[in-house]
Amino acid sequence: MTRFMQVWILALALAMTAATAMAETVIGKNVDSRVILAFNVKEEGASAMLPEGWRAVTLPKGPMAGANMLVAFIDRHLALDPEGKPLVPHASRSLALVAFGVSPEVEGPRMFVTRVYETPPVADSYGNGAAAAISRETALSGPADGARVQRDMWVVAPETGGEIRLELSYAAGRPHWGHDEARPYSAAKPEFHRIYRYDQLADLAMSTALGKALDGEISFSSSVPGLDSVFDGREVLTAVLVVPVYVREVSLP
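Residue numbers (the UniProt record's numbering): 1 to 253.
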């Protein structure tokens, strides 16, 4: 390849990257801590939460392999606008239900936010938000250079009734710092999606796919109307991911 061709290809690549960046609009940033549970639930129940024509699938690989439903407990410590100024309110809590689906009309699988319960004022970012009172109690105890015990208790009480409860206590491991990107779609508005670029400090507390058992105890229950098709007592917990630090930039395409 000639020197001219190398320069031309590099220039083209940079131009395409710039064009992609210009096509996106940053709408905010946030700093959270999270607890994510991965479940294998009944396929028909998960599929019923997806848009028409979509079928739920399980994750084929990775630490959450075998899961087809994620439950994300989100504690937002700071929300910023595109200029970096704090929003009002700057803090909130939410619970998001995420499923994965395929359609014969679309190439490849997609991640869908199927429902969000959030503390008022409801942002309703995906068109399926509902108000809820959400409490959290968390503690980390143990020596500075030794085994620590992480405790987390969440109670999510939607205004429509019922309750989602999580109680977790486990021996925290060595966390991993990493960067990633996600493009979740809305189950209520299937063509709408957001672009998330984030850095996180994550501790994989449990993974059946990797043969990692939880060194502790966990209890999860749901009595929320409309969720009994997925959480009927037969759901199988496949992974637990604890994220004490999550820093994200949010963009629209």
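Note that the Cβ used here is the ideal one computed from N, Cα and C, for glycine as well.
- For Q150, the CB contacts under 7 angstroms within the same chain, skipping 5 residues up- and downstream, are L140, Y170, A172, V242 in chain order.
- Going by beta carbons, Y246 and R34 fall inside the 8 angstroms limit.
- Inter-residue distance for P60 and G66 is about 6 angstroms (C-alpha atoms, whole angstroms).
- The segment 184-203 makes no contact with the segment 225-233, as fewer than three CB pairs between them are under 8 angstroms.
- Of all alpha-carbon atoms in S251, D199, L168, the one lying nearest the alpha-carbon of G178 is that of D199.
- For the pair V57 and N68, the CB atoms are nearer than the 8 angstroms cut-off.
- Restricting attention to alpha helix (DSSP H) runs no shorter than 4 residues, the segment 38-92 encloses them at 43-48, ordered along the chain.
- Here P120 is actually not in contact with G161; their C-beta atoms are around 16 angstroms apart, not less than 8 angstroms.
- Counting C-beta atoms within 10 angstroms of its own C-beta, P158 has 16 or more neighbours from the protein chains shown and is therefore classed as buried.
- Straight across, the Cα-Cα distance linking G146 with D203 is about 15 angstroms.
- In the structure shown, A182 falls within a strand segment according to DSSP collapsed to helix, strand and coil.
- Excluding residues up to 5 positions away in sequence, P175, W177, P244, V245 lie with their Cβ nearer than 6 angstroms to the Cβ of L201 in the same chain.
- Judged by their CB atoms, A182 and M206 are not nearer to each other than the 8 angstroms cut-off.
- DSSP places A23 in the helix class (H, G or I) of the three-state scheme.
- Of A209, R55, D81, G127, the smallest CA-CA separation from E43 is found for R55.
- Within its own chain, the residues whose Cβ lies closer than 6 angstroms to the Cβ of V122, once the five positions on either side in sequence are excluded, are G129, A131, listed in chain order.
- The residues A38, A239, in chain order, have a CB closer than 6 angstroms to that of M64 in the same chain once the five nearest residues on each side in sequence are set aside.
- Looking at E107, P86, P51, the one whose alpha-carbon comes closest to that of A99 is P51.
- At the C-beta level, R76 and D124 stay beyond 8 angstroms of one another.
- For T208, there is no enclosing beta strand (DSSP E), since its DSSP letter is neither H nor E.
- Minimum Cα-Cα distance from T25 among the listed residues L210, R194, S229 corresponds to R194.
- For G53, same chain residues with a beta-carbon under 6 angstroms away, outside a window of 5 residues either side, are S103 in chain order.
- Between R136 and R93 a beta carbon distance of about 7 angstroms is seen, short of the 8 angstroms cut, so the two are scored as contacting.
- In the three-state scheme derived from DSSP, where H, G and I count as helix and E and B as strand, D199 is classed as strand.
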